Amino acid sequence: MGFSPISNSKAEWVPRQRQDGRRYIVTGSNRGIGYETATGLAALGAQVVMVGHEGSDAFNEAMDRIAMETGCPRDQLSYMPLDLRSLDSVRAFVREWSQRPTPEQSLNGLINNAGIAGAPGLSPDGFELCFQINYLSMVLLTRLLLPYLQASKDSDTGAVVPARIVCVSSMAHLFTLGIPTEESYLRSSGGGFFSLRYGESKLCVISFVRQLAARLKEGGRGDEIEIVSVHPGSTASSFWQGLPGWTQGIIARVAQDPSRGARTSLFCATESKLLSGAYYAECSPALESFWLGNNDKANLLWRKSCAWAGVSPTKLFK
Numbered sequence: 012m013g014f015s016p017i018s019n020s021k022a023e024w025v026p027r028q029r030q031d032g033r034r035y036i037v038t039g040s041n042r043g044i045g046y047e048t049a050t051g052l053a054a055l056g057a058q059v060v061m062v063g064h065e066g067s068d069a070f071n072e073a074m075d076r077i078a079m080e081t082g083c084p085r086d087q088l089s090y091m092p093l094d095l096r097s098l099d100s101v102r103a104f105v106r107e108w109s110q111r112p113t114p115e116q117s118l119n120g121l122i123n124n125a126g127i128a129g130a131p132g133l134s135p136d137g138f139e140l141c142f143q144i145n146y147l148s149m150v151l152l153t154r155l156l157l158p159y160l161q162a163s164k165d166s167d168t169g170a171v172v173p174a175r176i177v178c179v180s181s182m183a184h185l186f187t188l189g190i191p192t193e194e195s196y197l198r199s200s201g202g203g204f205f206s207l208r209y210g211e212s213k214l215c216v217i218s219f220v221r222q223l224a225a226r227l228k229e230g231g232r233g234d235e236i237e238i239v240s241v242h243p244g245s246t247a248s249s250f251w252q253g254l255p256g257w258t259q260g261i262i263a264r265v266a267q268d269p270s271r272g273a274r275t276s277l278f279c280a281t282e283s284k285l286l287s288g289a290y291y292a293e294c295s296p297a298l299e300s301f302w303l304g305n306n307d308k309a310n311l312l313w314r315k316s317c318a319w320a321g322v323s324p325t326k327l328f329k
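Take 12 as the starting number for the sequence shown in the numbering used here and just add one per residue.
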């Protein structure tokens, strides 16, 4: 795709499209970019389900702050627990979602924001932590929530507004050695610097987005559900706390405010026109790694990821 690495054509974009009556899930939303994304959606009138593993106290505090900052009703915000280190936790989350009253099951947007930068070790499912939290659990969550994602209508024009899935990736995906598919590697905590593992997980995110967008289009659902990946930029948040101190120092010098980092996620969640399957930075389509052009590897990752997550590679809504 012939885009610049980071376009500044919409650098001063601000959210204006009202989201009244729409419901969004935002993962990792009690702090940082996720918090600012939830705040932005709430300010536009959306019902926001804030999701994470830090516990109800942390999220109640975050919801109180959002209500105070935006003036939105407190019951416009809610919390559900989810630990992306565990595939079982993802399944439990979706089971709980399925038990909500039918009108409250419909979902107009899923913001896959949660992630980690550097935390050596393996998940309870036996995968390298960056790969599981940033990618594999996100794959399962997205696939299991597909049946609940519904298009809506614009209150002013009556036009159909597709449901949106926004997956936070990173420019770090450009600095990798290819799409990882070897299970022995993905189930080991060694074999690469933290920055490589992080970048690989974000490369996998973009590959998944491209694959799912293509399959939704092939299945005739591309006009109802759109999915993109985004680069939020380096932001000053606790996201980087797992990295070495010298690395955190460098990031602190170039980091932007989390509210600015959330802007591209908000753009992709709320703007009327979007290029499904694309990778966005600064509110515009941006350069993707040439590794994503390896269709054999991308298809292999799709099939293996579906197997690891326990979902069908072909039947998207079952």
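Cβ coordinates follow ideal geometry from the N, Cα and C atoms, glycine included.
Predicted model, so just to flag it, every value in this text is computed and none were measured.
Tell whether a beta-carbon distance below 9 angstroms holds between residue i and residue j.
| i | j | result |
| --- | --- | --- |
| I122 | S180 | no |
| V59 | V25 | no |
| T48 | T81 | no |
| L88 | M61 | yes |
| L298 | L185 | yes |
| A273 | P243 | yes |
| Y332 | S218 | As shown, the chain starts at 12 and ends at 329. That puts residue 332 outside it, with no answer to give. |
| Y209 | A128 | yes |
| L55 | R29 | yes |
| C141 | S212 | yes |
| I144 | I236 | no |
| N124 | S276 | yes |
| L156 | W108 | yes |
| L327 | G230 | yes |
| Y35 | A57 | yes |
| A183 | S206 | yes |
| Y90 | S67 | yes |
Does residue i pass the burial test, meaning 16 or more other C-beta atoms within 10 Å, or should it be called exposed?
| i | result |
| --- | --- |
| S287 | buried |
| T113 | exposed |
| K284 | exposed |
| P131 | exposed |
| M79 | exposed |
| R352 | Because the chain spans 12 through 329 in this model, residue 352 falls outside it and cannot be assessed. |
| V150 | buried |
| S316 | buried |
| G13 | Because G13 sits at a pLDDT of 36, beneath the cut-off of 50, its placement in the model cannot be relied upon, and the point is left open. |
| E115 | exposed |
| G304 | exposed |
| P84 | exposed |
| L311 | exposed |
| S134 | buried |
| G45 | buried |
| G169 | exposed |
Starting from residue i, trace the beta strand (DSSP E) in both directions and tell me its first and last residue.
| i | result |
| --- | --- |
| M91 | 88 to 92 |
| C178 | 174 to 179 |
| G189 | G189 -> no beta strand (DSSP E), and no H or E assigned at all. |
| T168 | Looking at the DSSP string, T168 is not in any beta strand (DSSP E), and its letter there is neither H nor E. |
| L121 | 120 to 123 |
Leaving aside the five residues before and after residue i along the sequence, list all residues of the same chain whose C-beta is less than 7 angstroms from its C-beta, in chain order.
| i | result |
| --- | --- |
| W319 | L147 |
| Q222 | A309, W313 |
| V322 | L151, R154 |
| S100 | L93, D94 |
| A53 | V59, I77, T81, C83, Q87, L88 |
Might you give, ordered along the chain, the residues of its own chain that have their beta carbon closer than 8 angstroms to the beta carbon of residue i, omitting 5 neighbours on each side?
| i | result |
| --- | --- |
| R314 | P324 |
| S163 | G32, R33, N119, V171, V172, A174 |
| N71 | Y90 |
Residues in the same chain with beta-carbon distance under 6 angstroms from residue i, minus the five sequence neighbours each way, listed in chain order, please.
| i | result |
| --- | --- |
| E65 | N41 |
| C215 | Y146 |
| M74 | L88 |
| L227 | G233, I236 |
| G63 | G39, N41 |
| V105 | L155 |
For the ligand NAD, is there any heavy atom lying closer than 8 angstroms to the beta carbon of residue i?
| i | result |
| --- | --- |
| I44 | What this structure holds is no ligand at all, so the ligand NAD is not there to describe. |
Measure how close the beta-carbons of residue i and residue j come, nearest whole angstrom, since I'm counting them as under 8 angstroms.
| i | j | result |
| --- | --- | --- |
| E139 | S200 | 6 angstroms |
| D136 | L98 | 5 angstroms |
Counting along the chain, where does the alpha helix (DSSP H) carrying residue i start and finish?
| i | result |
| --- | --- |
| V59 | Not the alpha helix (DSSP H): V59 falls in the beta strand (DSSP E), residues 58 to 63. |
| A49 | 43 to 54 |
| I196 | Inspection of the sequence shows that residue 196 is occupied by Tyr rather than by Ile. Element bounds for Y196: 194 to 197. |
| A280 | 274 to 281 |
| E72 | 67 to 81 |
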